[in-house]
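Numbering (this note's numbering), first residue to last: -19 to 292.
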């Protein structure tokens, strides 16, 4: 019996030891300098990058006073998350396998004129241009550099924003609800709706409508509308041909704050989408309102339909 007990204890200990080995956290294997594609790249020195695609306008972003702007889009503030993610990926992406250096194979690898050219401008260094070719189905991307026959398959795809909109900061307005004093809406037929708050801590709203019937909205929907105008996000930007669509807007608006801020503009509904154009901005900093005068921007919004307005 004693021998059986000792045997059982031995087996139990062996199982526990094996389990502890299997469940023990394994140390993370860092890529060696030899396996990194760009081991000497210091992204803290990158102050601009340009992305060039065939048959598309170049996208250029620059770092100014610690902030990124889309220089190719009239210095529109950039969303830094995507830029930082791309730069960090360039410092960690690893080489997996060398590819054919023969010129006849460059088209198949996506490294001919169809390649994406990514140029990094660095402080006190020559610009670094990278050729980004095809992405493989299993995950990974073919890359090279101009005037170089060395071609590599990387272990992952580089996270490239696919359109200029993916590079910009999409926040149009960031006005706290408690700061809004009044929102006035004017329809093409002359009907008007005014939503008022008597003080910054007021819990109720006042609605003034002309003509008074039919009623456009109740107080709950009016409060939601104030919040919407205070937190507008850009979903798209119209091309020049579409700017003529704003010649006859469906709605004009004016927003006032308790601190004297004033924001006015026009909105046009088209295909269940809302396009907005700012006409005047007073008393707001750029953190509260993006000063994009003259731009026609599609916004994420659900506004009262013009057909619901009262008839004079």
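Note that CB positions come from ideal geometry on N, CA and C, so glycine has one too. This one's a predicted model, so the numbers in the text were calculated from it and none came from an experiment.
Inset, instruction - Compute the distance between the beta-carbons of residue 160 and residue 235, then report whether it is under 8 angstroms. - result: As a working mapping, residue 160 is identified with position 180 in the chain shown. As a working mapping, residue 235 is identified with position 255 in the chain shown. Yes. Within cutoff.
Inset, instruction - Give the single residue among 61, 275, 30, 128 whose Cα lies nearest to the Cα of residue 216. - result: Taking the chain shown and counting its residues from 1, the one referred to as residue 216 is at position 236. Cα-wise, what sits closest to residue 216 is 275.
Inset, instruction - Use the C-beta contact count for residue 4: other C-beta atoms within 10 angstroms, 16 or more gives buried, fewer gives exposed. - result: Working through the chain shown from its first residue, we reach residue 4 at position 24. Confidence is the limiting factor: at residue 4 the pLDDT is only 34, short of 50, which leaves the residue's position unreliable, though a coordinate-based value still follows. Label assigned to residue 4: exposed.
Legend entry - Of the listed residues 151, 154, 145, 187, nearest to residue 165 (C-alpha basis): Numbered from 1 along the chain shown, position 185 holds the residue referred to as residue 165. Nearest option by C-alpha distance: 187.
Inset, instruction - Measure the C-alpha to C-alpha separation of residue 200 and residue 56 and round it to an integer number of angstroms. - result: The residue given as residue 200 occupies position 220 in the chain shown. The residue given as residue 56 occupies position 76 in the chain shown. Approximately 35 angstroms, taken between the alpha carbons.
Legend entry - C-alpha gap between residue 136 and residue 89, whole angstroms: In the chain shown, residue 136 corresponds to position 156, counting from 1. In the chain shown, residue 89 corresponds to position 109, counting from 1. If you take the alpha carbons of residue 136 and residue 89, they lie about 15 angstroms apart.
Inset, instruction - Jot down the residue ranges of each uninterrupted beta strand (DSSP E) in the segment 33 to 84, minimum 3 residues, whole runs only, in chain order. - result: 39 to 44, 47 to 50, 75 to 78
Inset, instruction - Give every residue of the same chain whose Cβ lies closer than 8 angstroms to the Cβ of residue 8, excluding the five residues on either side of it in the sequence, and list them in chain order. - result: As a position in the chain shown, residue 8 is number 28, starting the count at 1. At residue 8 the pLDDT is 41, less than 50, meaning the model places this residue with poor confidence; the figure from the coordinates comes in the next sentence. Hits under 8 angstroms: none found.
Inset, instruction - Can you give me the Cβ contacts of residue 150 inside the same chain, cut-off strictly under 6 angstroms, excluding the 5 residues immediately before and after it? - result: Locating residue 150 in the chain shown gives position 170, where the first residue counts as 1. So the qualifying residues of the chain are 213, 214.
Inset, instruction - Have a look at residue 208 and residue 87 and give me their C-alpha separation to the nearest angstrom. - result: In the chain shown, counting from the first residue as 1, residue 208 sits at position 228. In the chain shown, counting from the first residue as 1, residue 87 sits at position 107. When rounded, the distance between both Cα atoms is 49 angstroms.
Legend entry - Cβ separation of residue 138 and residue 66, assumed to be a contact under 8 angstroms, to the nearest whole Å: The residue labelled residue 138 in the question sits at position 158 within the chain shown. The residue labelled residue 66 in the question sits at position 86 within the chain shown. Between residue 66 and residue 138 the Cβ distance is about 7 angstroms, and since that is below 8 angstroms, they are a contact.
Inset, instruction - Examine the ligand ATP and report whether any of its heavy atoms sits within less than 7 angstroms of the Cβ of residue 280. - result: For the ligand ATP, the structure offers nothing, since it holds no ligand at all.
Inset, instruction - Report yes if the C-beta distance between residue 273 and residue 256 is below 8 angstroms; otherwise report no. - result: Counting from one through the chain shown, the residue named residue 273 turns up at place 293. Counting from one through the chain shown, the residue named residue 256 turns up at place 276. No.
Inset, instruction - Tell me whether the beta-carbon of residue 79 lies closer than 8 angstroms to the beta-carbon of residue 17. - result: One-based indexing of the chain shown puts residue 79 at position 99. One-based indexing of the chain shown puts residue 17 at position 37. In this structure, residue 17 does not lie closer than 8 angstroms to residue 79 by Cβ.
Inset, instruction - Assign residue 5 to one of three DSSP states: helix, strand, or coil. - result: Numbered from its first residue, the chain shown carries residue 5 at position 25. The predicted position of residue 5 is uncertain, since its pLDDT is 40 and thus under 50; a value taken from the coordinates is nonetheless stated next. Coil at residue 5, not helix or strand.
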